[in-house]
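Step one of this worksheet: look at the structure below.
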Amino acid sequence: MRALVAAPAVDVGVELREVPEPEPTESQALVEVRAVSLNRGECTMLLTAEDGWRPGWDLAGIVARAAADGSGPEVGARVVGWAPGGSWAEIAAVRTGHLAEIPSELDFETASTLPVAGLTAKRLLELGGDPAGKRIAITGGAGGVGRLAIQLAAAAGAHVTAIVGKPERAEGLSELGANRIEIGLDPIGEPFDLILESAGGESLAAALARVAPEGVVVTFGNSSGAPATFEPRTFYRKGSPTMRGYLVTHELLAGRIGTRELAELVTLVVGGRLDSRIDLRAGWREAPSAISALLERRVAGKAVLTVS
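For any residue, its number in the working numbering is found by taking its place in the sequence shown, counting from 1, and adding 236.
Structure follows, in structure tokens:
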């Protein structure tokens, strides 16, 4: 079968190659992959990966072989899922606890955007307690996680401030539910009950200065690549604020999230209550240009590759 693999000697470090078909465990189904969505994490990892490494987390497709233990969807089921690598391929082995069925009205491309971005956005908001009535700031508001988090927070009754890096990346965020949009997170200003922080560096330091006395800062990325320096007294003198880290991979591998949460996201999208915007669609042979666009912040929302 064919798959996209790390190739340090070529453009953006990825190329299409023939690889062995996966051998599933008893709790894994084999999925014929129809679409995958790109995430900054896996694309960044490609830049330093060893030759032959298999990237790919999000996928959507059709079950070609059901799990041997009888769990999960049957052959022919349309599914969305997550794999800890190797999804950018014609066939992927996926743990059934990381698969959810999708109806015929949901296209594979849209479904593929839900695992990493959707599960991250959903769980981040839960870490701050009931969002209703709270002031929530979301950095990286124009990204895949940010756009979904804005919608989920607004629907739950929160006052949402979307933080973006450039004015042009604010387009459409008010329509998704953002009450306010800021260009960069300033360390001085009104406090927030919950701050979802993915930029790192100065932005994380500002978040620690802006969090409310009983608020929560959740750090889940460092798109700036910069270290964060902050004055601890600015943080702890507030009262009892909390800073937490979150990585969706750990939650999935530990079995704390999976099929049920994916199914909930599918229901929201199909019901028109969640819009997972695809800003870039391309065939998987165009992966290098799509990856470059994502890493260079030329994508507002999600980038998706179709597998054919």
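Even for Gly, the Cβ is constructed at its ideal location relative to N, Cα and C.
CB of residue i within 8 Å of CB of residue j, strictly
{"i": "Gly451", "j": "Phe428", "result": "yes"}
{"i": "Ala536", "j": "Ala526", "result": "no"}
{"i": "Glu278", "j": "Gly288", "result": "no"}
{"i": "Ser340", "j": "Val272", "result": "no"}
{"i": "Ala325", "j": "Arg238", "result": "yes"}
{"i": "Leu498", "j": "Leu355", "result": "yes"}
{"i": "Ala296", "j": "Ile338", "result": "yes"}
{"i": "Thr545", "j": "Glu418", "result": "What is shown of the chain runs 237 to 544, which leaves residue 545 out entirely."}
{"i": "Ala445", "j": "Pro423", "result": "yes"}
{"i": "Arg276", "j": "Ser459", "result": "yes"}
{"i": "Val255", "j": "Ala242", "result": "no"}
{"i": "Arg509", "j": "Ala385", "result": "no"}
{"i": "Gly420", "j": "Ile399", "result": "yes"}
{"i": "Gly380", "j": "Thr349", "result": "yes"}
{"i": "Val267", "j": "Ala302", "result": "no"}
Local Cβ density within 10 Å of residue i, reported as buried at 16 or more and exposed below that
{"i": "Leu283", "result": "exposed"}
{"i": "Gly436", "result": "buried"}
{"i": "Ala406", "result": "buried"}
{"i": "Arg473", "result": "exposed"}
{"i": "Pro260", "result": "buried"}
{"i": "Val311", "result": "exposed"}
{"i": "Pro320", "result": "exposed"}
{"i": "Ser476", "result": "exposed"}
{"i": "Ala368", "result": "exposed"}
{"i": "Leu483", "result": "exposed"}
{"i": "His334", "result": "buried"}
{"i": "Asp294", "result": "buried"}
{"i": "Thr465", "result": "exposed"}
{"i": "Ala304", "result": "exposed"}
{"i": "Glu286", "result": "exposed"}
{"i": "Ser449", "result": "Strictly speaking, residue 449 in this sequence is Pro, with Ser absent from that position. Pro449 should be labelled exposed."}
{"i": "Glu345", "result": "buried"}
{"i": "Leu371", "result": "According to the sequence provided, residue 371 is Arg. The question's Leu does not apply to it. Classification for Arg371: buried."}
{"i": "Val246", "result": "exposed"}
{"i": "Arg496", "result": "exposed"}
Straight-line Cα distance separating residue j from residue i
{"i": "Arg534", "j": "Gly382", "result": "15 Å"}
{"i": "Pro244", "j": "Pro351", "result": "27 Å"}
{"i": "Leu360", "j": "Leu432", "result": "7 Å"}
{"i": "Asp511", "j": "Ala357", "result": "13 Å"}
{"i": "Ala377", "j": "Ser307", "result": "Per the sequence presented here, residue 377 reads as Gly, with Ala not at that position. Their Cα atoms are separated by approximately 37 Å."}
{"i": "Val330", "j": "Glu522", "result": "24 Å"}
{"i": "Arg517", "j": "Ala347", "result": "13 Å"}
{"i": "Thr455", "j": "Arg513", "result": "23 Å"}
{"i": "Glu426", "j": "Leu440", "result": "16 Å"}
{"i": "Leu531", "j": "Arg480", "result": "25 Å"}
{"i": "Leu430", "j": "Leu504", "result": "23 Å"}
{"i": "Leu501", "j": "Leu363", "result": "17 Å"}
{"i": "Ile298", "j": "Val315", "result": "6 Å"}
Reduced DSSP category for residue i - H, G, I as helix; E, B as strand; rest coil
{"i": "Asp343", "result": "coil"}
{"i": "Ser263", "result": "coil"}
{"i": "Leu510", "result": "coil"}
{"i": "Thr356", "result": "helix"}
{"i": "Ala398", "result": "strand"}
{"i": "Arg492", "result": "coil"}
{"i": "Pro449", "result": "strand"}
{"i": "Ile338", "result": "coil"}
{"i": "Ala245", "result": "coil"}
{"i": "Ser476", "result": "coil"}
{"i": "Gly497", "result": "Looking at the sequence shown, residue 497 is not Gly but Glu. In this structure, Glu497 counts as helix in the three-state DSSP scheme."}
{"i": "Glu407", "result": "coil"}
{"i": "Ile424", "result": "coil"}
{"i": "Thr470", "result": "helix"}
{"i": "Glu254", "result": "strand"}
{"i": "Glu487", "result": "helix"}
{"i": "Glu532", "result": "coil"}
{"i": "Arg290", "result": "coil"}
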